[in-house]
Amino acid sequence: MLTDETRQFRSNVLTAFGATGTQVEELLAYNDNIFHHNDQTDVDLPLEDEPFVAAWERYLVAAETDGALAALRGPIVQLNFPIRTAISHDPSYRAIVRRGQPVNACPWATGLPFNRPEKITFLLHPTPGGRIPVIIVGDRDDFENVVRATTMRNEPGSVPRSIGAKMVAGFNNWERIWDYQRQWLEREDVQSGSADWAKEFKRLIQRKELYQDRFIIVSEGPYSGVSANTLGLTENEWNRLSLVIRLHHEGSHYFTKRLYGVMRNNLLDELIADYMGITGAIGRYRADWFLHFMGIEAHQTNRRGGRLEHYRGDPPLSSKAFPLLQSLAKAAAENLERADIYLGSNRRTLRDRGLIISALAHLTIEELASADAGARLHRIFGAS
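Here this note's numbering is used: position 365 in the sequence shown is 365, and no number is missing along the way.
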């Protein structure tokens with residue numbers, strides 16, 4: 001809960017950064033911390049896997065003999081369709097995607113075309129929030145099409161070049177529903193077309209954990225569209241590190257979503273997730289990398305195409321408030337780099353990493369950008 005004292009402190013920080021009047025109110029609203037910690041004091045970390053993980057373990061086994069794409073086309077039926085304007089309105093498409101009808105009878109199910117199908121793999125990535133399926137797509141165009149298939153109902157749509165990962169949530173996995181049906185029919189000894197199954201299906205759809213999945217799609221290209229040369233790395237090394245950063249970054253989002261029910265396109269969320277990504281990849285935090293990723297490496301300049309443009313808020317911050325957010329981001333990142341000397345020695349296990357995410361999630365951008373950010377973070381982390 002935001003106390004009057006904390007609000008005043010944040011206002012003072014914003015004023016010190018040059019905010020006035022309405023800009024202070026804009027930034028207080030944008031930077032509001034909505035991670036609620038009241039019920040999370042006795043949580044064991046890492047969290048247990050969600051129910052869908054067991055099904056994905058089976059898909060991994062199937063992939064060993066059938067290949068990754070063949071194993072994925074069952075649970076992700078959208079991979080059986082091309083990207084085409086208005087396909088989501090086609091009755092046969094809707095029957096398969098929304099009602100679980102068989103794919104083989106549909107004339108439009110010609111498959112999602114891939115440039116490099118052999119560069120598609122998937123795994124279960126361990127996070128403080130439990131394991132989560134990750135689909136790794138090696139070709140950029142293929143990555144964008146998988147995102148369109150799973151999040152845009154196979155419709156054409158824009159995928160910004162600075163976006164190299166996408167979390168898909170609330171995904172209806174008809175293969176899990178069919179598995180549930182088979183087990184239920186065997187147990188109850190009734191027919192699939194019976195009224196009894198119709199009643200059971202109505203009960204089933206009230207329990208989303210039994211058929212809805214969450215998974216992450218990641219590309220193998222340079223993280224945030226930043227070139228290897230910019231960071232003084234070889235392309236091979238940077239591509240390798242980019243994948244690790246993405247895995248840990250998305251794992252951080254997954255953890256906050258599970259623990260706090262929150263995952264936003266917001267600077268605080270991205271600062272935390274990139275901290276976990278960078279440290280997971282190279283063992284320490286680099287503020288200059290984060291600033292490049294956000295597109296604010298130049299003083300008081302927002303590089304076109306940088307990620308911070310996508311985290312401007314809704315409604316978006318005004319043209320006067322947004323540069324102040326950039327300054328706050330820079331100060332917070334630099335403070336976090338200094339604090340990493342302490343945090344780095346407490347980052348060995350999944351539990352440790354979960355505690356660090358939780359500690360960072362206790363604070364606001366104003367607090368992290370302030371002169372006593374290190375003391376505040378040390379106090380919170382020391383109490384966890």
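Note that CB positions come from ideal geometry on N, CA and C, so glycine has one too. Because the structure is a prediction, the values reported are computed rather than measured.
Assigned secondary structure, residue i (DSSP; H/G/I helix, E/B strand, else coil)
i: D66; result: helix
i: H362; result: coil
i: P385; result: With the chain covering 1 to 384 only, the question about residue 385 has no answer from this structure.
i: V146; result: helix
i: A329; result: helix
i: G170; result: strand
i: A228; result: coil
i: A371; result: coil
i: F9; result: helix
i: N159; result: Here the sequence assigns Val to residue 159, which means Asn is not the residue at that position. Coil.
i: D340; result: helix
i: T301; result: coil
i: S92; result: helix
i: G251; result: helix
i: F35; result: coil
i: M1; result: No answer about M1 holds up, because its pLDDT of 49 lies below 50 and its placement is not dependable.
i: N335; result: helix
i: F17; result: coil
Integer-rounded CB distance, given that residue j should sit under 8 angstroms from residue i
i: S242; j: V137; result: Going by Cβ atoms, the distance from S242 to V137 rounds to 13 angstroms, so no, they are not a contact pair.
i: F114; j: D142; result: 5 angstroms
i: I135; j: F81; result: About 17 angstroms; that fails the 8 angstroms criterion.
i: G295; j: R303; result: 4 angstroms
i: R246; j: Y223; result: 6 angstroms
i: A281; j: H248; result: 7 angstroms
i: D139; j: R161; result: That belief does not hold up - the Cβ atoms of D139 and R161 are roughly 14 angstroms apart, past 8 angstroms.
i: V147; j: I217; result: 6 angstroms
i: H292; j: T234; result: Between T234 and H292 the Cβ distance is about 17 angstroms, and since that is not below 8 angstroms, they are no contact.
Between the CA atoms of residue j and residue i - distance to the nearest angstrom
i: A19; j: S11; result: 9 angstroms
i: M276; j: P107; result: 45 angstroms
i: L368; j: N172; result: 39 angstroms
i: S370; j: T364; result: 10 angstroms
i: L72; j: L79; result: 8 angstroms
i: P126; j: A29; result: 33 angstroms
i: M1; j: F9; result: Here M1 scores only 49 on pLDDT, less than 50, and its place in the model should not be relied on; the value that follows carries that caveat. The alpha-carbon atoms of M1 and F9 are separated by roughly 14 angstroms.
i: T6; j: L268; result: 16 angstroms
i: L360; j: E366; result: 12 angstroms
i: E421; j: M263; result: Residue 421 is absent from the structure shown; the chain starts at 1 and stops at 384.
i: Y260; j: E118; result: 37 angstroms
i: E309; j: A198; result: 47 angstroms
i: A109; j: I96; result: 10 angstroms
i: Q23; j: P316; result: 12 angstroms
i: L185; j: L204; result: 13 angstroms
i: I385; j: H362; result: This structure cannot speak to residue 385, because the chain is shown only from 1 to 384.
i: E270; j: F290; result: 9 angstroms
i: K257; j: F35; result: 9 angstroms
i: E334; j: D49; result: 34 angstroms
i: W178; j: P102; result: 11 angstroms
i: T279; j: L47; result: 21 angstroms
i: R84; j: R187; result: 42 angstroms
i: E26; j: A321; result: 7 angstroms
i: A86; j: A149; result: 13 angstroms
i: E297; j: T349; result: 31 angstroms
i: R98; j: P156; result: 19 angstroms
i: E237; j: I76; result: 32 angstroms
i: N266; j: L336; result: 17 angstroms
i: G129; j: D274; result: 17 angstroms
i: A54; j: R153; result: 26 angstroms
i: R94; j: I163; result: 28 angstroms
i: N33; j: A70; result: 42 angstroms
i: R376; j: A228; result: 35 angstroms
i: A68; j: W56; result: 12 angstroms
i: S88; j: T151; result: 11 angstroms
i: L355; j: R131; result: 17 angstroms
i: L424; j: S92; result: What is shown of the chain runs 1 to 384, which leaves residue 424 out entirely.
Counterpart residues of residue i in DSSP-defined beta bridges
i: V134; result: L123 and I216
i: A165; result: V218
CB contact check: residue i to chain D, cutoff 8 angstroms
i: P128; result: The structure shown contains no chain D; it is built from a single protein chain.
Closer than 7 angstroms: residue i CB and nearest the ligand ADP heavy atom
i: V134; result: Looking at this structure, you won't find the ligand ADP or any other ligand, since it has none at all.
Counting pairs of Cβ atoms below 8 angstroms between the stretch 335-346 and the stretch 273-290, do you hit three or more? Three or more beta-carbon pairs drawn from the stretch 335-346 and the stretch 273-290 are found closer than 8 angstroms, and the two stretches are therefore classed as touching.
Stretch pair the stretch 248-265 + the stretch 167-183: three plus CB contacts closer than 8 angstroms: Contact annotation: the stretch 248-265 touches the stretch 167-183, with at least three C-beta pairs closer than 8 angstroms.
Three Cβ pairs or more, each shorter than 8 angstroms: is that satisfied between the stretch 322-331 and the stretch 13-28? Touching, yes.
Flag this pair as touching only if the stretch 117-126 and the stretch 48-60 have three or more C-beta atom pairs under 8 angstroms; answer yes or no. Segment contact: the stretch 117-126 against the stretch 48-60, three or more CB-CB distances shorter than 8 angstroms; contact assigned.
Would the stretch 172-182 and the stretch 208-216 be scored as touching if the rule is three or more Cβ pairs under 8 angstroms? Short answer: they touch.
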